[in-house]
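A.B. asks: Please see the structure below; I have some questions.
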Ligand SMILES: [Zn+2]
C-alpha cells in the first residue's frame, strides 16, 4: 500500500501528519512526501533560488528519517492557482505515485496557498482515472484514492472557527521522531527562534499535537477529515489500518 502526503510547503507535513506517516510506514506502507512549492518565500535574507535549494534538501532530510520518498512539484509560493496547468501537474504526480491513500491540506485554513492545494489535490484524486485527461508519459490511474484533509494550522479556519477532526490518530509514540523531522527544517526554525527568542517552531507543533491529543485523551495526536463526496471511497482506510491508534469522533 502507498500513501502520498501532498502538501503546500516544506514543513507542512512535519507539522500536521508526520506522526501518522511514520505509523503507516511501520504498518508496511510505502511513504511519499511531496510539496507543491520549495518554500521560495521562506527567507528574509536569501533569494528565492537559494532558499528553495536549502528547503528542498531540508524536506528530503526530514522524509529520509521515515524512509519516505520526497518530491517537489515546483509551484511558486503565493502563486498557486486553480487552473488547467496546475491540475494537470497534480494529476500527473498522482498517476506517477499511484497512492491508495492521499493526505493533503485542509480546505479551510489561514492561507490561500493551503486552500488551493487542497482543491487541486481533491480534483487530482477525482480526475487521475479519467482517460480523456492527458498527462504525457503517465497512464490513467484506475481508482480514486482515499482522501484525507489534515487539520488546519492551529486547528482553526480563517474566521477563527474550530475545525473538528473526525478521525484522530494517537501519535504519542512518534512525537520524538516527528520533532526530529520538523527540526530538519533548520532555515525556518532559526528564523522563528530569532524572531520569538525561543524555539517557537518546535513548540508550536507540539502545542497543536498536544491540543489534538486532548480531544481523545492521549498526549499527542493528529486530526483528519475524510473526503466523503460522491465517487470517493467511503470506508475509513486510515482508521482501519491504524486501528490501534485511531479514534473516530
Ligand atoms: Zn504551509
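Numbering (the working numbering), first residue to last: 6 to 254.
Note that CB positions come from ideal geometry on N, CA and C, so glycine has one too.
Where do the N-terminal and C-terminal ends of the alpha helix (DSSP H) with residue 164 fall, by residue?
C.D. replies: Looking at the DSSP string, residue 164 is not in any alpha helix (DSSP H), and its letter there is neither H nor E.
A.B. asks: Does the beta-carbon of residue 122, which I'm using as the reference point, lie nearer than 6 Å to any heavy atom of ligand 1?
C.D. replies: Answer for residue 122: no, Cβ out of range of ligand 1.
A.B. asks: So, with DSSP's three-state summary, where would you put residue 27?
C.D. replies: Three-state result, residue 27: helix.
A.B. asks: Between the region 162 to 177 and the region 222 to 236, can you find at least three pairs of beta-carbon atoms closer than 8 Å?
C.D. replies: Short answer: they touch.
A.B. asks: Under 6 Å, CB to any heavy atom of ligand 1. Which residues pass, going along the chain?
C.D. replies: Chain-ordered list of matching residues: 13, 14, 17 and 119.
A.B. asks: If you check the beta carbons only, do residue 154 and residue 91 fall under 7 Å apart?
C.D. replies: No, these two residues do not count as a Cβ contact at 7 Å.
A.B. asks: Between which two residues does the beta strand (DSSP E) carrying residue 36 extend?
C.D. replies: Here the beta strand (DSSP E) through residue 36 covers 35 to 42.
A.B. asks: Alpha carbon to alpha carbon, what distance is there between residue 245 and residue 32?
C.D. replies: When rounded, the distance between both Cα atoms is 11 Å.
A.B. asks: How far does the beta strand (DSSP E) with residue 74 in it reach, from first residue to last?
C.D. replies: Residue 74 -> beta strand (DSSP E) spans 74 to 80.
A.B. asks: List the DSSP bridge partners of residue 151.
C.D. replies: DSSP output for residue 151 lists 106 as bridge partner(s).
A.B. asks: Which word fits residue 84, buried or exposed, when buried means at least 16 other C-beta atoms lie within 10 angstroms of its C-beta?
C.D. replies: Residue 84 should be labelled exposed.
A.B. asks: Between the beta-carbon of residue 157 and the beta-carbon of residue 113, is there less than 7 Å?
C.D. replies: Yes.
A.B. asks: With C-beta atoms as the reference, is residue 17 less than 7 Å away from residue 45?
C.D. replies: Not a contact, by the Cβ cut-off of 7 Å.
A.B. asks: How big is the Cα-Cα spacing for residue 25 and residue 219?
C.D. replies: Those two C-alpha atoms are separated by around 17 Å.
A.B. asks: I'd like the list of long-range same chain contacts for residue 207, defined as Cβ closer than 8 Å, with 5 residues on each side in sequence excluded.
C.D. replies: So the list reads 184, 187, 188 and 194, once near-sequence residues are dropped.
A.B. asks: Using a Cβ-Cβ cut-off of 8 Å (strictly less than) and excluding sequence neighbours within five positions of residue 70, which residues of its own chain qualify?
C.D. replies: 182, 185, 186 and 189.
A.B. asks: Between the alpha carbons of residue 214 and residue 76, how many angstroms are there, rounded?
C.D. replies: Whole-angstrom Cα-Cα distance: 25 Å.
A.B. asks: Taking 6 Å as the cut-off, is the beta-carbon of residue 150 closer than that to any non-hydrogen atom of ligand 2?
C.D. replies: In the structure shown, ligand 2 is absent; the only ligands present are ligand 1.
A.B. asks: Name the one or two DSSP bridge partners that residue 227 has.
C.D. replies: Answer is 174, bridged to residue 227.
A.B. asks: In whole angstroms, what separates the C-alpha of residue 212 from that of residue 175?
C.D. replies: Cα to Cα, the separation comes out at about 14 Å.
A.B. asks: Less than 8 Å between the CB atoms is what I'm expecting for residue 127 and residue 164, so what's the real figure, rounded?
C.D. replies: At roughly 21 Å, the Cβ-Cβ gap does not stay under 8 Å, so residue 127 and residue 164 are not in contact.
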